[in-house]
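Visitor: One structure, as structure tokens, below. Some questions next.
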Amino acid sequence: MSSSMAEPVTTISSRPGRAAPTSAGACRSARPCRAPARCVRRSVNTSSRKMAGAARSRRSRKSRISKPPKPSSRPVRRPRRKPKPGPSADLTIDRLRAFLIPVGEREARMCGRIGILTLSWREYHERLSLIPSQPHFNLQPNWDCAPTQEAPIVRLADDGRLMSMARWGLVPFFWQKPLKEMKFSTFNARCETAASAASFREPWKKRRCLVVSEGYYEWNGPKGSKRRFCFRPTDGPLFTFAGLWDQVTVEGEAITSFTILTCPPGEKAGQYHTRMPVILDEAGRERWLDPDADPAPLCTAAPDAAIEVYEVARQGRGPELFEPRKSELF
Numbered sequence: 183m184s185s186s187m188a189e190p191v192t193t194i195s196s197r198p199g200r201a202a203p204t205s206a207g208a209c210r211s212a213r214p215c216r217a218p219a220r221c222v223r224r225s226v227n228t229s230s231r232k233m234a235g236a237a238r239s240r241r242s243r244k245s246r247i248s249k250p251p252k253p254s255s256r257p258v259r260r261p262r263r264k265p266k267p268g269p270s271a272d273l274t275i276d277r278l279r280a281f282l283i284p285v286g287e288r289e290a291r292m293c294g295r296i297g298i299l300t301l302s303w304r305e306y307h308e309r310l311s312l313i314p315s316q317p318h319f320n321l322q323p324n325w326d327c328a329p330t331q332e333a334p335i336v337r338l339a340d341d342g343r344l345m346s347m348a349r350w351g352l353v354p355f356f357w358q359k360p361l362k363e364m365k366f367s368t369f370n371a372r373c374e375t376a377a378s379a380a381s382f383r384e385p386w387k388k389r390r391c392l393v394v395s396e397g398y399y400e401w402n403g404p405k406g407s408k409r410r411f412c413f414r415p416t417d418g419p420l421f422t423f424a425g426l427w428d429q430v431t432v433e434g435e436a437i438t439s440f441t442i443l444t445c446p447p448g449e450k451a452g453q454y455h456t457r458m459p460v461i462l463d464e465a466g467r468e469r470w471l472d473p474d475a476d477p478a479p480l481c482t483a484a485p486d487a488a489i490e491v492y493e494v495a496r497q498g499r500g501p502e503l504f505e506p507r508k509s510e511l512f
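Add 182 to the 1-based position in the sequence shown for the numbering used here, that's all there is to it.
Quick look at the structure:
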């Protein structure tokens, strides 16, 4: 054999009794080595498991994306939006505040029936000190005037006091929708909050008026058998309530409207209701109509001696509502 042919060289393995191959051919011809084969098999199995796990993960992600969400029986709650600053935001707050008032309190702030226009023009002129040029309109008595109907108010004109008819239930100056969409009540205004409420704060400063009435009514008693009571003045034939007025154009029509201020009652009126109208005497009328005067001190209950209370018929719309049902006066 030629000397150029190299003899296979056998090296001593690190493990006793085994030879370590130096080439691929030597490895094939040598005794099989199990340890490396086992290492290769473990490596292949590990890679397969990793690939299978990755495939399962992709399938899982795909299924989560493709499947629509399960319907829920609970309604979805939308995030609350903060109202933008301005009259509409304040009005929203006023509505929420009204709903937060207990039911009894909400009912208590209502004074919802008055008797009006039962006197003559001469009596109105003398008792209210109206201007000589006061235009006369048709006086149609209404012994059971309700909100949204018209009632007489007295405002301060350039040359004195002027009486006119206005809608009961103040329509704020910023209201532009049809009146049927007004779902909140404005025929009464609490004197404690009128100066800050969105609907009343501008009239409180600039547009105060007197609401002329010959009497008002309240209901009292257990539910289902309430009795009707009439409140009349003792020092003359008419009341003048503290009021606020405003004017706005809605659907092309100019509307003048008003609200009646209410306050906590005195001892006598408190037996029938938790609120009563703010009743003004002559000195109070002058100050209430003065745009430079502070109206807050006038928002107090009238003396008990200034009013009389008696029960009247539960039904009816005529002059019988001013007549006592019983002889006993309360």
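Even glycine gets a Cβ: it sits at the ideal position worked out from N, Cα and C.
So what does P334 bridge to, in DSSP terms?
Guide: Note: P334 sits in a beta bridge opposite M347.
Visitor: If we count the other Cβ atoms within 10 Å of its Cβ and call it buried at 16 or more, is P284 buried or exposed?
Guide: The predicted position of P284 is uncertain, since its pLDDT is 37 and thus under 50; a value taken from the coordinates is nonetheless stated next. So P284 counts as exposed.
Visitor: Buried or exposed: which applies to A475, given that a residue is buried once 16 or more other Cβ atoms fall within 10 Å of its Cβ?
Guide: Its Cβ having fewer than 16 others within 10 Å, A475 is exposed.
Visitor: So who's on the other strand from R410, going by DSSP bridges?
Guide: Looking at the DSSP assignment, R410 forms a beta bridge with W401 and V494.
Visitor: Excluding the 5 residues preceding and the 5 following R414 in the sequence, name in chain order all residues of the same chain whose CB lies nearer than 6 Å to its CB.
Guide: The answer, listed in chain order, is G397 and E490.
Visitor: Go through its chain and collect everything with a Cβ distance to G500's Cβ below 8 Å, but skip five positions before and after it.
Guide: Answer for G500: W325, listed in chain order.
Visitor: If you drop the 5 nearest sequence neighbours on each side, which residues of the same chain put their C-beta closer than 6 Å to that of L321?
Guide: So the list reads L299, once near-sequence residues are dropped.
Visitor: Quick check: is the beta carbon of S367 nearer than 8 Å to any beta carbon in chain D?
Guide: Absent from the structure: chain D. Only one protein chain is present.
Visitor: Take F440 and list the residues in its own chain whose beta-carbon comes closer than 7 Å to its own, dropping the five residues that flank it on each side.
Guide: Cβ within range, chain order: I335, A348, W350, L352, C391, V393, G425, L426 and W427.
Visitor: So is S395 buried or exposed if we call it buried at 16+ other beta carbons inside 10 Å?
Guide: With 16 or more Cβ atoms within 10 Å of its Cβ, S395 is classed as buried.
Visitor: Once DSSP output is grouped into helix, strand and coil, what is the label at E505?
Guide: Of the three classes helix, strand and coil, the one that applies to E505 here is coil, per DSSP.
Visitor: Within this structure, are the beta carbons of P329 and F356 separated by less than 8 Å?
Guide: Their beta carbons are not under 8 Å apart, which means P329 does not touch F356 by this criterion.
Visitor: Could you check whether P419 and E502 sit closer than 8 Å to each other, using their CB atoms as the reference points?
Guide: Not closer than 8 Å, so no.
Visitor: Specify, as a first and last residue, the run of the beta strand (DSSP E) that W325 falls within.
Guide: Run containing W325: N324 to C327, per the beta strand (DSSP E) assignment.
Visitor: Could you tell me the alpha carbon to alpha carbon distance between M458 and A376, rounded to whole angstroms?
Guide: Cα-Cα distance, rounded: 15 Å.
Visitor: I need the straight-line Cα distance from A333 to K362, nearest angstrom please.
Guide: Looking at the two C-alpha atoms, the distance is approximately 20 Å.
Visitor: To the nearest angstrom, report how far apart P485 and G406 are at their CA atoms.
Guide: So the alpha carbons of these two residues sit roughly 31 Å apart.
Visitor: Skipping 5 residues on each side, what residues in its chain have a beta carbon closer than 6 Å to that of E400?
Guide: Hits under 6 Å: F411, Y454 and H455.
Visitor: For the beta strand (DSSP E) containing R390, name the first residue and the last one.
Guide: R390 -> beta strand (DSSP E) spans R390 to S395.
Visitor: Residues in the same chain with beta-carbon distance under 7 Å from E384, minus the five sequence neighbours each way, listed in chain order, please.
Guide: Correct list, in chain order: F355.
Visitor: Throw me the rounded Cβ distance for the C373 and C327 pair, which I believe falls under 8 Å.
Guide: Actually they do not touch by this definition, with Cβ atoms about 21 Å apart.
Visitor: CB-CB under 8 Å to R409, same chain, minus the five flanking residues each way: which ones, in chain order?
Guide: Closer than 8 Å at the Cβ level, and outside the excluded window around R409, lie W401, N402, G403, E493 and R496.
Visitor: Buried or exposed: G297, going by 16 or more other Cβ atoms within 10 Å of its Cβ?
Guide: By the neighbour-count rule (16 or more Cβ atoms within 10 Å), G297 is buried.
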